[in-house]
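In what follows, a structure is listed as structure tokens, so that the remarks can point back to it.
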Ligand code: GTR
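Numbering (the working numbering), first residue to last: 85 to 437.
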């Protein structure tokens with residue numbers, strides 16, 4: 085049934101490979117195609133320096149350490165920096181960190197049950213997205229100038245720049261002795277869910293890549309999608325993307341791929357996709373189908389991708405057996421405590437030893 089649904093929407097298959105080695109050779113071409121057509125070039129990684137500007141050694145009832153850190157680097161002759169907030173649970177030898185791309189900077193936020201996350205032994209690194217680069221057409225401030233000439237068809241959009249900042253945050257986190265390098269996580273909601281997927285596709289140091297309600301140009305299959313489409317998103321948020329993406333408005337069939345390519349670039353690591361049933365703008369069914377269509381990438385490695393019934397998910401269901409975890413939450417577009425609990429349960433069960 086799911087196969088039929090994908091065929092009826094003309095979703096192109098993943099590039100053909102018969103072995104992990106062959107798949108690895110396809111990775112750079114797939115990334116390039118996504119960069120050229122959707123998100124724009126990903127700037128090359130450069131070394132970072134860090135400076136702790138604030139510390140609370142007795143945070144969260146003395147169960148955590150809070151650090152405010154400035155991460156700095158030089159790129160193409162210019163200096164850049166952005167702040168990150170770190171919450172490190174105490175009394176743990178190795179800490180799996182969530183790098184969370186966040187809308188707001190407050191640790192106690194409606195999208196972030198920080199105390200519960202820390203009490204379960206996870207660390208948190210908050211990258212507040214507009215402190216990296218504004219959510220607008222301004223490419224003069226923050227990391228904006230890294231996009232260079234925004235008239236180039238493949239110039240990076242803001243999603244690429246936010247994703248780049250999450251990777252530079254990983255550079256810093258990996259220097260902290262408590263950081264569990266085998267279980268690094270990147271997570272985001274909505275536009276920042278799209279960003280988490282782009283970051284995880286490029287940066288193989290992330291063991292878990294999590295997209296919450298990311299929808300159009302995120303986890304959802306574009307061809308035949310309900311709700312938001314390329315015409316709307318490129319008109320409303322042109323600066324999120326490479327300028328070329330707008331050429332696909334009302335021409336989604338001309339795209340040489342669909343969004344399951346982005347998901348498949350996480351293989352053979354873990355991918356988690358959360359949808360909400362009332363979030364028709366993001367289109368949960370298209371997010372679910374995308375997980376299904378990405379699964380063959382994991383199967384090449386002899387690993388299960390999405391393990392589900394051969395039908396669309398129903399509200400309240402979760403599929404946690406495969407390397408792709410999926411859940412469909414009752415309710416609307418939001419990053420809920422339920423979503424976090426599902427993700428933490430999955431990671432606890434699949435954590436790399
Ligand atoms: C909407 C946008 C979506 C989604 C959302 C969000 O306005 O159309 O693609 O990203 O914003 O980020 O909250």
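Here a beta-carbon is modelled for each residue, glycine too, at the ideal position from N, C-alpha and C.
| request: Note down, in chain order, each residue of its chain lying with its Cβ closer than 6 Å to the Cβ of residue 223, except the 5 sequence neighbours on either side. | output: 231 and 234
| task | Say yes only if the C-beta of residue 312 is nearer than 7 Å to one or more non-hydrogen atoms of the ligand GTR, and no if none qualify. | result | yes
| query | Which whole-angstrom value describes the C-beta separation of residue 111 and residue 349, a residue pair presumed to lie in contact below a C-beta threshold of 8 Å? | reply | The Cβ separation is near 7 Å, so the contact holds.
| Whole alpha helix (DSSP H) runs in the region 347-424 with 4 or more residues, listed along the chain? | 368-378 and 380-384
| Delimiting residues of the alpha helix (DSSP H) encompassing residue 98 | Residue 98: not part of any alpha helix (DSSP H); DSSP gives it neither H nor E.
| Is residue 283 near the ligand GTR, in the sense that its beta carbon is under 7 Å from a heavy atom of that ligand? | no
| query | Where residue 318 and residue 421 are concerned, what is the direct C-alpha to C-alpha distance, given to the nearest angstrom? | reply | 31 Å
| request: Note the first and the last residue of the continuous alpha helix (DSSP H) segment covering residue 296. | output: Note, residue 296: premise wrong, no alpha helix (DSSP H); beta strand (DSSP E) at 292-296.
| message | For a test of your reading of the model: does the CB of residue 299 fall under 7 Å from any non-hydrogen atom of the ligand PLP? Yes or no. | response | Annotation note on the ligand PLP: not contained in the displayed structure, which lists the ligand GTR as its ligands.
| field | Beta-carbon proximity list for residue 383, same chain, < 7 Å, skipping 5 on both sides | value | 389
| task | Sort 373, 405, 249 and 115 by Cα distance to residue 396 and report the nearest one. | result | Among 373, 405, 249 and 115, the Cα nearest to that of residue 396 is on 373.
| Validate contact between the region 295-303 and the region 209-228 using beta carbons, cut 8 Å, 3 pairs | Contact between the region 295-303 and the region 209-228 is not established, with fewer than three Cβ pairs separated by less than 8 Å.
| said: Can you find the residues in the same chain that come closer than 8 Å, C-beta to C-beta, to residue 268, ignoring five residues on each side of it along the sequence? | reply: 180, 181, 183, 254, 257, 258, 289, 290, 291 and 292
| query | What span of residues does the alpha helix (DSSP H) with residue 91 cover, start to end? | reply | 86-92
| said: Bridge partners for residue 167 per DSSP, in chain order? | reply: 154
| query | For residue 204, which of 185, 171 and 220 has the nearest alpha-carbon? | reply | 171
| field | Selection from 380, 385 and 409 that minimises the alpha carbon distance to residue 392 | value | Nearest of 380, 385 and 409 to residue 392, Cα basis: 409.
| task | Pull up the distance between the alpha-carbon of residue 309 and that of residue 144, whole angstroms please. | result | Answer to the nearest angstrom: the Cα atoms are 43 Å apart.
| What's the call for residue 284, buried or exposed, on a 16-neighbour Cβ count within 10 Å? | When all chains shown are included, residue 284 counts as buried.
| Assigned secondary structure, residue 326 (DSSP; H/G/I helix, E/B strand, else coil) | coil
| query | Between residue 295 and residue 357, is the Cβ-Cβ spacing less than 8 Å? | reply | yes
| query | How is the beta strand (DSSP E) around residue 306 delimited, first residue to last? | reply | Where residue 306 is concerned, there is no enclosing beta strand (DSSP E), given that its DSSP letter is neither H nor E.
| said: For residue 226 and residue 127, I'd like the C-alpha separation in whole angstroms. | reply: Roughly 15 Å separates the two Cα atoms.
| field | Coil, strand or helix - residue 316 by DSSP | value | helix
| field | Same chain, Cβ closer than 8 Å to residue 436, neighbours up to 5 away in sequence not counted | value | 266, 267 and 291
| Exposed or buried, what is residue 376 when buried is set at 16 or more other beta-carbons lying within 10 Å of its beta-carbon? | buried
| message | Considering only DSSP beta bridges, list what residue 271 is partnered with. | response | 184 and 294
| said: Only counting the same chain, and skipping five residues up and downstream in sequence, which positions put a Cβ closer than 6 Å to that of residue 248? | reply: 127
| query | Is residue 274 near the ligand GTR, judged by its Cβ being under 7 Å from some heavy atom? | reply | Yes, the Cβ of residue 274 comes within 7 Å of a heavy atom of the ligand GTR.
| query | Looking at residue 305 and the ligand GTR, is the gap between the Cβ and the nearest heavy atom below 7 Å? | reply | no
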